[in-house]
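Be aware that the sequence shown starts at 834, since it is given in the working numbering, and climbs by one per residue. Contents: one structure, followed by commentary.
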Amino acid sequence: MLSFTHARQLVITKAQSHATPRPTIALPISAILGLVLAEQVHADRDYPPFDRSTRDGYAVRASEASPGSSLRCVGEIKAGDTVTQPLAPGACIQIMTGAAVPPDADAVVMIEFTNRTGETVTVDRPAQPGQNIVPRGSEAHAGDLALSPGLRLGFAELAVAAQVGASTVRCYKKPRVAVLSTGDEVVPITETPGPFHIRNSNTISLAAQIQLAGGEPVPLINALDRVDDLSAKIELGLREDILVLSGGVSMGKYDLVESVLKGMGAEFFFDAVAIRPGKPTVFGRCRNTLVFGLPGNPVSTMVTFQLFVIPAIDILSGAEARPLPFLETTLAEPLNEKPALTHFLPARLEWSGSFPKVSALRWQGSGDIAALTRANCFLVVPADRPTIPAGDKVSVLPRFDVL
Ligand code: AMP
Ligand code: MG
C-alpha cells in the first residue's frame, strides 16, 4: 500500500500533467486576494523613487558631521515635500522619516544623537556615509519584475501590486471543484433526519475546505448508494475540473463509487493509502476531471482532503503545490497506536511554557467531528514508530484553517 507521501506525490505528478493552460480573468485588486497571478507585474518607477530617510533627524554631509563640530540648520523637510536644492557646505537640514534626502547630503543623523541650540546643531557620534538612507532604486528599478506569474496573492503581494499602480490584475480562474456526497443514510441539512439518518455535514465541510484552499466549490445533491443515481450525479461532477466524492469507497456491498467510476471510463492512480483515518482513499481521472473518492467518515474526509486534494487545487489554480507544513514538537503524553499505518490523530498544540507541546485528544474515531473542533493540528504517528514515550519529538500537521 502507498505511503501518504507517495500518494501525494502521485497527485502532484498527475495534476501537473493534467493542467492544460488555465483560463484567466482580469480583476480589480479588491477581488484578487488568494488567487494566483497569471501575468507579470512590473515596477512602474524606481523604488524608493527618491533617496529616502528612514529616521527623524538631520540630513548632513557625513564628512562634516564628526562629534564636536557644529552645523547650521537651514530648514526642514517633511515626507511629501519636493526636494531639489542641494545641501550647502557646513549646513544640515532637519528631516522626517519617509522624506527625500537633498542632493549632496549623504547621511541622516538620528535626532536622538544631536543637540540643538537655536539654529546650531552638534552631533554626538560620527556619521557614516549612507546611514539611515535607502537609496533611490535600491528595492526595484523601473521596469523590474515586481510579481511573477504563479504567485499566490496574499496581503504583501497585494501591497506590491498597489504600490506599482496595478489596480487591475490578471489572475487564473479558480478551479471548479464538484462536491458529491453519497449514502442512503445522508439527508440534506434542511430536512429533519429520521432516527437512522444523518445530516450531510461533509458537503458543507468539503465546500469550506475547497474555498479555503483556493477552489470554487460546486455542491451537488447527495447520491444514493445505487448505480443509476450515482452515475447520474457523477456525470454532473465530471463537468468540473475536480470531482470530490465522500463515502462509498470502502469494502461494503453498497460502496459503489469505484466500480461506477470504472464503468464510466475512469483510470485510477491509487485506491488505498497506508494511513488512518483515510485508508480507502481513491484518486484517478475520469475524462477530463481529476476524481477523488474520500471515505465518508467526516474526520477521514477532512484529513484526506488536506493531504491529497489541496495539492491538486493548487496546481489547477496555476500555482505550485504548497508543501505539507509539518512542525516538529514535543509529545506531552505517551502514545500507542497500531503499526503499519501512519496515523493522523486530532491533537492540540499548546504554547503554555516557552516550548510548544502536543497532546492527542480523546476521540471516538473518525466520525467524531466535535473532537476536531478542539484540535488545531493532527499528530503524526509514523507507521514504523507506533509507540512513542512522552517527551519525544513528534511531527504535527497544523489544521490548515486554524494554525
Ligand atoms: P462510507 O465511507 O460511505 O462507508 O461512510 C462512512 C460513514 O460516514 C457513514 O456511516 C456516515 O456515518 C458517515 N458519512 C457518510 N457520508 C456523510 C456525509 N455526507 N456527512 C456526514 N457523515 C457522513
Ligand atoms: Mg456510504
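Glycine included, each C-beta is placed from N, C-alpha and C at the ideal position.
The distance from the Cβ of Leu-1205 to that of Val-1227 is about 19 Å, inconsistent with a contact at the 8 Å cut-off. If only uninterrupted alpha helix (DSSP H) runs of at least 4 residues are considered, those enclosed by the stretch 967 to 1014 are 988 to 996. Out of Leu-986, Ser-1014 and Thr-947, the CA that lies nearest to the CA of Ala-892 is found in Thr-947. Residue pairing by DSSP places Ser-1150 in no beta bridge whatsoever. Going by DSSP, Gln-927 is part of no alpha helix (DSSP H) but of the beta strand (DSSP E) stretching over 924 to 928.
For Asn-1035 and Lys-1095, the gap between their C-alpha atoms comes out near 23 Å.
Taken in chain order, the complete alpha helix (DSSP H) segments of 4 or more residues contained in the stretch 1169 to 1236 are 1202 to 1206.
Per DSSP, the beta bridge partners of Tyr-891 are Gln-927 and Val-942. In the DSSP assignment, Pro-1131 falls within the alpha helix (DSSP H) that extends over 1131 to 1137. Assigned with DSSP and collapsed to three states, Ser-902 falls in coil, not helix or strand. In the three-state reduction of the DSSP assignment, Ser-836 falls in the coil class. Not one heavy atom of the ligand MG lies closer than 8 Å to the C-beta of Thr-1114. Under the 8 Å Cβ criterion, the stretch 1158 to 1167 does not count as touching the stretch 1127 to 1140, having fewer than three qualifying pairs.
Three or more Cβ pairs closer than 8 Å define a contact, and the stretch 1086 to 1105 falls short of that threshold against the stretch 1176 to 1189. The beta carbons of Val-874 and Ala-1152 sit about 16 Å from each other, so the pair does not count as a contact at 8 Å. In the DSSP assignment, His-875 forms a beta bridge with Leu-978. Non-local beta-carbon contacts of Cys-1119 in its own chain, meaning distances under 7 Å to residues more than five positions away in sequence, involve Leu-1071, Leu-1094, Met-1097, Gly-1098 and Ala-1099 in chain order. Here the alpha carbon of Phe-1125 sits roughly 17 Å from the alpha carbon of Met-834.
A distance of 9 Å or more separates the beta carbons of Thr-887 and Val-993. For Leu-1127, the enclosing beta strand (DSSP E) starts and ends at 1122 to 1127. The ligand AMP has a heavy atom closer than 8 Å to the beta-carbon of Arg-1032.
For Leu-860, the uninterrupted beta strand (DSSP E) run begins and ends at 857 to 861, by DSSP.
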